[in-house]
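Participant: Let me begin by handing over the structure; questions about it come next.
Okay, structure coming up:
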């Protein structure tokens, strides 16, 4: 079976959906970050595939930028997480609701 | 002449303002004397005008200044002294001068002496405006002005609940009628383009009969209120709460006759609509009987006289309605004299009896109050219509009118009423002045009134006796303005039978009343006698239950409806809707703010949910795009 | 073999980069200074930032002049796009930042301002926003967006309170999700058209007459979700109140203005062509979104007990109001958007600054939150001037003439009327009425209630210094005398918007 | 200076208010009185300089504000607005002069001066946006006055007042924007100038929609049934001065706006909506009068009576003829004077007893005779007795509307009955009877400070009742212009017939008047024979 663009796209969609479910279900902040990484990387697969499909480098460029941004996101995110952990000794989302209404 | 006109008109106002200056201060005789003197001046001026009108036949017409002018509407303060208004002016100034002088004595001990004269003179001023105005709007000024003064004077003793109640009743009932009047005025304006009598009446014959009928009806509704015609009559009897001079002046001689004056004044209109005229006459006859019947049993001296006034007003309307305007006006004049006299006499009795009003508690007063006795008796004779006193000439004339015009029902009603009139008048006289001295049971020591009060009354006495003799002069004068219909019974035999028959009938009624009420058996009724328990008596003493009907069904329901409007509709529906709308927003906020639970998971779920919703909508749309035609129509319907 | 790169420097049009480079250079400068001598007073950095931004502003004026002469300029491989929208929005971004920066000079000492990184990050963030608006390349938008956002998360967290961390984490996580949406959306468009430049996408899509409308819509959905997050459209708004509450009042005020205008510009670029190509679905969705955002945010704002949270919801509502401009999509409406936002930035920054100067170091026992309504009860008795100014901002926000926002409001509603959106115009007007309530509530507390706890009024100006007062004064003047400037602003904005083809 | 007299009238109080902040607390009252007096004198000067034979706008000023959007600062007066401006200045003056012991008196006076600016501004504005600006701005000082100096429910009352009117006027704003857009479509230029709009002839459907939009703004302000419920709260809670100004001036904005906007802009729609509005007006008249009768609080009685009288004003406006509109404008002034005075009077007794319940009083006529007298005069004016100011207005309004509908006028005329009922019964409860409460036995009569307000009002009440011509003349001139414009602009046959054509009518009337004179002379000649 030839693996065509559609397969990549379907894979992307599936991965993206997994990411979304993770984002919704995970109560652990760290796991949540993982889920967002899955989201971004799912898209990266597509970008690369489409870029190849069109024979155009823009998609790959986009993918690189996404990777870079994902990395910096992790940097910021982990920083926040560590501070939070220091203060509260947990990284559970449900504890994070002092502001409401 | 203009000078006299203005003097006649404005000197009461000056008097009123003068008395008002002392309104809040202690009683001072000056506050009574000056207005009386000014009224005397007004009387003299009126007399001069009368003489001038009589001699030259020329009327005086002045326009003082513009009152309202806008669009096509132009209303001046214009005054006219013609044959009709000068008659009224004479009546008004004469009676009020007498009453003023009388009241100086009558109100001697009252704290509100100054205030009283201020109101009283203001009343005279309004009345003068009413009768002298040359247009409907001016008439309305006076009309409302007398209403105001009547309110003030009925409620003069404002600490008395009954007095203030009666004052308000009078005012409000009059207002109901005034609305009719106002509508009548509007009709006149929009159909004739003016409110000046002269011009409006000139155009009227060219108008449609329907319009004229409505005009006549609405104006007459106004007259019904002021002249207390059924069903707006209840206020008049209650108005007796006011001081007696007020009753004499306002509720007997002048204000209540304003309605008659209006109909007389509007004679060119009513001539065009005989059907309305007939209605007026029928109502007048009905009221004459109706009021007389209530007077038969009433145990309040002033109320009896008030009903008698009402009854006489009925006569006047009967005459006016039948087109005999000059007759109505003549009766108005004569009635003013003897009725005022009667009231003032009653005032003397009241003073003597320390404000006791029940004639059953009096009796035998002729011994202590000779002067008053004579005056009241003569006034009653005049009222009863015995030859040759004033009442005979005017009242018999009305009977003749009814007869000649072939309205035999009206005629017989009026005839019968004449008998009743004689009966109740002399019932009163007999109870007060004759028989046993029942007042002694109550420990009252009656005394005659001040001399000068009696002197003040004497002009009225004189006029009550001789007014009839002016008939021809008067006729000559007013018929220059009013339709000069002479009413002659065709055969002189019939005439004599009628006249003598009427006289006999009346005389019989008088004798019967005397017999019945001078007897020694008369006791103060205690509600046990057979008569007092019979249905007719109850019906009459309760005034046909009409006041109670008004109280129970109209006043009460108005009050209850108001309460419902306020508490139920205004607060529970109108306001609650507004607050409800505001609350819906607020409550929505309160309910849905939980959406913002502060939990990150929930927030993320919202985001994803939003996206998924949009996505499914997009898919739906993508599918629908194939069937786009219908959908576009639908969406454009949404205003998108 | 790669062919040699053969590009002339002129064709790159590096001038277009200058406005973005200035803050970046400034940021680097600050870091370098700190490197050499740390522990400098914050005033140094504040003034430096002010200078940098001032220079940036001048540079913008330069490019505005160029735009007026030559029209839209492309640069750097056609990635940069300096059109009227870009210039206008950069003016707003830089201008608002100019107003914001002095707010760091508070009376009380706050944690974040002692770090030079704060200012560096701030300048980076500005550069990010500038990139975002000055391009129609989806990649650069993404980069700009993330640069700005990541900096912003950090700035929020630097406030160093429990709530700030919570706010930062929430914002960050949701931002990451939004980034995912954005990249997915871009990917769909890239897959459909093979391009990431908005105008090319538009050309290609209309060339094949929107054959794959279903996929286009999927792409639009994801982009809408991510921009909706940025613009806090309901239901993507949930971060807004929490983040505003958690961050310092000054920063919250800033957030209510600058990121949003950047978002609006992107949204305008993206959705304008779609709406004009007759994608009815988007129109419907935007209609619903606009109405929902306006109305629901207003309704939630009604029930708030904290002024800052109320203002957060009110900002959402204002954003929804302005989103209507994109839906309407006429020159008038787009001009109205900028006019509105310029006027809004004065008023809103002013009102948040008022909260900022009343910020105490620690929460008193009787207070539930930093800026509860109770705190302002009876304010007029102790500090009438401050109360009047706060009242002024509230009236302006409510749209009472002749204060600043009124003019934006009528122009915006008028554009709805002109655009044929009668019902929308009515909804917009009525929303102002609902909004009136909560603005009024604060006025009621300040002017009509008695103080809950007796104080000498110092609490309302606890944080005040001359610079802060100056900023508030500027904002107040701008709010009151807006009517003098509206004409010039309107003419300017219209020229810029019209000449950019919107 | 005369060229800018309107701007001076508008902004002088505002400037004075700003400077007033710097005045010492103890002298602020004198300052306020001085400023208000100057303003009043200026207003009188305006009247003096006003040429009552000119029907158009006078003292116009024109300054571009937002040129690109057609918003200009245009002000001017005609006979319709002149007297309300004077009334506003007058009431501010006597209001400040008779201000009782008040906390934060400085804020009060400054607020009043601001309020004055907005009031004068509304009536002088000839640009819709400027009009709207002052219209909305006037809510703010009033909000503050009610909210800060009011009774126990003051906050509810003030917020309700504000939001209710605000909502209505926002709908109106949309209408205005539409109007400007139509103008733009017709001419290619934006303009909010009312006089420009007058030239616009709109299709009937547009007229109807716009009429409705404007109607919401105006009707809530008036307030018309069923939008009236804010009013009793506002009056009930407001301090005396607030109620006085609210009743005397602020309510007039709504009715004034009907004449300034609705009638000339939408003549066909005005005719179309005449009956529904008349029905509403009649409900206002009768229903609120009955509600007034059910009140226990004297101030609420006066408040509801205000609504009832406003009904007559509305009716007069929608008579759509010169008599009715002139009458309604006159009644605006009359109602301002009378209900303003009544609120003052209620304030007098409230200051003494701190209660407004009528059951707490009784027999006051003997304790406070002067008070009772003035109250009585105002009562009678309110009831609409001839020779008081109210009668002229009511008479003309009803007279005017009678042309349009007989039955409805008959119903509306019930005003004079129901008005008498609640007013007299309230008066009876308060002033008549014997003094039952010991607290009432030694109440001092009206003092000098209160008389400062009451005597001029009493004089005006009677003076203008006897000699309304001074006002009617200029009003009439301007109203004729409005009616003429309406007739000219109207499209439908119905409207053409409902709105009188002045030029033609005038001829007919003069002719018939001549005829009648001739006829009557003939008649009298005949009688003489």
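Protein chains in written order, with the working numbering: chain A, 1 to 101; chain B, 1001 to 1640; chain C, 2001 to 2502; chain D, 3001 to 3529.
Think of the CB as a built atom: it goes at the ideal place given N, C-alpha and C, for glycine as much as any other residue.
1. Mind checking who residue 3064 of chain D pairs with in its DSSP beta bridge?
2. Verify the CB distance criterion: does residue 2331 of chain C have a CB-CB separation below 7 Å to chain D?
3. Can you list, in chain order, the residues of its chain whose CB lies under 7 Å from that of residue 1232 of chain B, leaving out five sequence neighbours each side?
4. Taking 8 Å as the threshold, find out whether the region 3275–3292 of chain D comes into contact with the region 3221–3241 of chain D through three or more Cβ pairs.
5. Measure the C-alpha to C-alpha separation of residue 3320 of chain D and residue 1133 of chain B and round it to an integer number of angstroms.
6. Drop a sphere of 10 angstroms on the beta-carbon of residue 1143 of chain B, count the other beta-carbons inside from all chains shown, and report buried for 16 or more, exposed for fewer.
7. Using 10 angstroms around the beta-carbon of residue 2454 of chain C, count the other beta-carbons present and answer buried if the total reaches 16, otherwise exposed.
8. Measure the CB-CB distance between residue 1131 of chain B and residue 1085 of chain B and report whether it falls below 7 Å.
9. Please tell me whether residue 13 of chain A has its Cβ less than 7 Å away from any Cβ of chain C.
10. At the 7 Å Cβ level, is residue 3416 of chain D part of the contact set with chain B, yes or no?
11. Check whether chain A comes within 7 Å of residue 2187 of chain C, counting only Cβ atoms and requiring the distance to be less than that.
12. Interface residues of chain C around residue 3170 of chain D at Cβ under 7 Å?
13. For residue 2427 of chain C, which residues from the same chain have a beta carbon less than 6 Å from its beta carbon, with the 5 sequence-adjacent residues on both sides left out?
14. How far does the alpha helix (DSSP H) with residue 1061 of chain B in it reach, from first residue to last?
15. Kindly identify the DSSP beta-bridge partner or partners of residue 1078 of chain B.
16. Does DSSP put residue 3254 of chain D in a helix, a strand or coil?
17. Is there a Cβ from chain D that is less than 7 Å from the Cβ of residue 1479 of chain B?
18. If you follow the beta strand (DSSP E) that residue 2075 of chain C is part of, which residue opens it and which one closes it?
19. Could you check what DSSP says for residue 2277 of chain C in three-state terms: helix, strand or coil?
20. Are at least three pairs of beta-carbons, each pair with one atom in the region 3142–3161 of chain D and one in the region 3173–3189 of chain D, less than 8 Å apart?
21. Taking the alpha-carbon positions, what's the residue 3112 of chain D to residue 2446 of chain C distance?
22. Can you say whether residue 3124 of chain D is buried or exposed, counting buried as having 16 or more other CB atoms within 10 angstroms of its CB?
23. Measuring straight from C-alpha to C-alpha, what distance separates residue 2204 of chain C and residue 2240 of chain C?
24. Starting from the Cα of residue 3002 of chain D, find the closest Cα among D:3025, D:3051 and D:3026 and give me that residue.
25. Quick one, are the C-beta atoms of residue 1102 of chain B and residue 1344 of chain B less than 7 Å apart?
26. Looking at the structure shown, is residue 1524 of chain B part of a helix, part of a strand, or coil, going by DSSP?
27. Give me the chain C residues within the contact set of residue 102 of chain A, using Cβ-Cβ distance strictly less than 7 Å, ordered along the chain.
28. Relative to the alpha-carbon of residue 2393 of chain C, which residue among C:2120, C:2151 and C:2474 has its alpha-carbon at the smallest distance?
29. Jot down the residue ranges of each uninterrupted alpha helix (DSSP H) in the region 2386–2474 of chain C, minimum 4 residues, whole runs only, in chain order.
30. Under 7 Å between the Cβ atoms of residue 18 of chain A and residue 2190 of chain C?
31. Compare the C-beta of residue 1593 of chain B against all C-beta atoms of chain C and say whether one is closer than 7 Å.
32. Determine which residues of the region 2304–2327 of chain C have a Cβ less than 7 Å from any Cβ of chain B, and write them out in chain order.
33. Applying a beta-carbon distance threshold of less than 7 Å, which residues of chain C neighbour residue 1622 of chain B?
34. What does the alpha-carbon distance come out to for the pair residue 1523 of chain B and residue 1024 of chain B?
35. Measuring only the C-alpha atoms, how far is residue 2276 of chain C from residue 1624 of chain B?
36. Between the Cα of residue 1265 of chain B and the Cα atoms of B:1333, B:1325 and B:1138, which residue gives the shortest distance?
Facilitator: If we stick to the structure as given:
1. The count along the fourth chain starts at 1 and reaches residue 3064 of chain D at position 64. DSSP lists D:3072 as partners of residue 3064 of chain D.
2. For this step, residue 2331 of chain C is matched to residue 331 along the third chain. Answer no: the Cβ-Cβ gap between residue 2331 of chain C and chain D never drops below 7 Å.
3. Locating residue 1232 of chain B in the second chain gives position 232, counting from the first residue. Short of 7 Å from the beta carbon of residue 1232 of chain B, and not among the five residues preceding or following it, lie these beta carbons of its own chain, in chain order: 1173, 1176, 1177, 1224 and 1225.
4. Yes, the region 3275–3292 of chain D is in contact with the region 3221–3241 of chain D.
5. Locating residue 3320 of chain D in the fourth chain gives position 320, where the first residue counts as 1. Locating residue 1133 of chain B in the second chain gives position 133, where the first residue counts as 1. So the alpha carbons of these two residues sit roughly 30 Å apart.
6. Here the question's residue 1143 of chain B lines up with position 143 in the second chain. That one is buried.
7. Indexing the third chain from 1 puts residue 2454 of chain C at position 454. Counting the other Cβ atoms within 10 Å of the Cβ of residue 2454 of chain C gives fewer than 16, which makes it exposed.
8. As a working note, residue 1131 of chain B is residue 131 in the second chain. As a working note, residue 1085 of chain B is residue 85 in the second chain. By the CB criterion at 7 Å, residue 1131 of chain B and residue 1085 of chain B fall inside the cutoff.
9. Reading the first chain from its first residue, position 13 is the one you call residue 13 of chain A. The beta-carbon of residue 13 of chain A is placed no less than 7 Å from the nearest beta-carbon of chain C.
10. Mapped onto the fourth chain, residue 3416 of chain D falls at position 416. At least one chain B Cβ lies under 7 Å of residue 3416 of chain D.
11. Translated into the one-based positions of the third chain, residue 2187 of chain C becomes position 187. Yes, residue 2187 of chain C counts as interfacial toward chain A.
12. Residue mapping note: residue 3170 of chain D aligns to position 170 of the fourth chain, counting from 1. Here the neighbours are 2429, 2430, 2432 and 2433.
13. As a position in the third chain, residue 2427 of chain C is number 427, starting the count at 1. Residues 2291 of the same chain have their beta carbon placed closer than 6 Å to that of residue 2427 of chain C, with the five preceding and five following residues left out of the count.
14. Within the second chain, the letter at position 61 stands for residue 1061 of chain B. For residue 1061 of chain B, there is no enclosing alpha helix (DSSP H); the enclosing beta strand (DSSP E) has its first and last residue at 1060–1070.
15. Residue 1078 of chain B sits at position 78 when you count from the first residue of the second chain. Here residue 1078 of chain B is bridged, per DSSP, to B:1063.
16. Working through the fourth chain from its first residue, we reach residue 3254 of chain D at position 254. Reduced to three states, the DSSP call for residue 3254 of chain D is helix.
17. The residue labelled residue 1479 of chain B in the question sits at position 479 within the second chain. At a cut-off of 7 Å between C-beta atoms, residue 1479 of chain B does not count as an interface residue with respect to chain D.
18. Taking the first residue of the third chain as 1, we reach residue 2075 of chain C at position 75. Looking at the DSSP string, the run of the beta strand (DSSP E) that includes residue 2075 of chain C is 2073–2075.
19. Here residue 2277 of chain C refers to the residue found at position 277 of the third chain. Residue state, collapsed to three classes: coil.
20. Touching, no, given that fewer than three Cβ pairs across the two stretches are closer than 8 Å.
21. Mapped onto the fourth chain, residue 3112 of chain D falls at position 112. Mapped onto the third chain, residue 2446 of chain C falls at position 446. One alpha carbon belongs to residue 3112 of chain D, the other to residue 2446 of chain C, and they sit about 19 Å apart.
22. Residue 3124 of chain D sits at position 124 when you count from the first residue of the fourth chain. Residue 3124 of chain D comes out buried.
23. Locating residue 2204 of chain C in the third chain gives position 204, where the first residue counts as 1. Locating residue 2240 of chain C in the third chain gives position 240, where the first residue counts as 1. When rounded, the separation of the alpha-carbon atoms in residue 2204 of chain C and residue 2240 of chain C is 36 Å.
24. If you number the fourth chain from 1, residue 3002 of chain D lands on position 2. The option with the nearest alpha carbon to residue 3002 of chain D is D:3051.
25. The residue given as residue 1102 of chain B occupies position 102 in the second chain. The residue given as residue 1344 of chain B occupies position 344 in the second chain. It is a contact, given that the beta carbons lie within the stated cut-off.
26. Along the second chain, read from residue 1 onward, the residue named residue 1524 of chain B stands at position 524. DSSP, read as helix, strand or coil, puts residue 1524 of chain B in coil.
27. Residue 102 of chain A falls outside the range modelled here, since chain A spans only 1 to 101, and no answer is possible.
28. Position 393 of the third chain, counted from the first residue, corresponds to residue 2393 of chain C. For residue 2393 of chain C, the closest alpha carbon among the candidates C:2120, C:2151 and C:2474 is that of C:2474.
29. Entirely contained in the region 2386–2474 of chain C, the alpha helix (DSSP H) runs reaching 4 residues are, in chain order, 2404–2418 and 2422–2448.
30. As a first step, residue 18 of chain A is located in the first chain; it is residue number 18 there, counting from the start. As a first step, residue 2190 of chain C is located in the third chain; it is residue number 190 there, counting from the start. Their beta carbons are not under 7 Å apart, which means residue 18 of chain A does not touch residue 2190 of chain C by this criterion.
31. Residue mapping note: residue 1593 of chain B aligns to position 593 of the second chain, counting from 1. So yes, residue 1593 of chain B belongs to the interface.
32. Against chain B - using a Cβ distance shorter than 7 Å - the region 2304–2327 of chain C contributes no residues.
33. Walking along the second chain from the start, residue 1622 of chain B turns up at place 622. Neighbours of residue 1622 of chain B in chain C, taken as residues at a C-beta separation under 7 Å, are given in chain order as 2213, 2214 and 2217.
34. If you number the second chain from 1, residue 1523 of chain B lands on position 523. If you number the second chain from 1, residue 1024 of chain B lands on position 24. Roughly 45 Å separates the two Cα atoms.
35. Locating residue 2276 of chain C in the third chain gives position 276, where the first residue counts as 1. Locating residue 1624 of chain B in the second chain gives position 624, where the first residue counts as 1. The straight-line gap from Cα to Cα measures roughly 20 Å.
36. What you label residue 1265 of chain B is simply residue 265 of the second chain in a count that begins at 1. Selected option, being the one with the closest Cα: B:1325.
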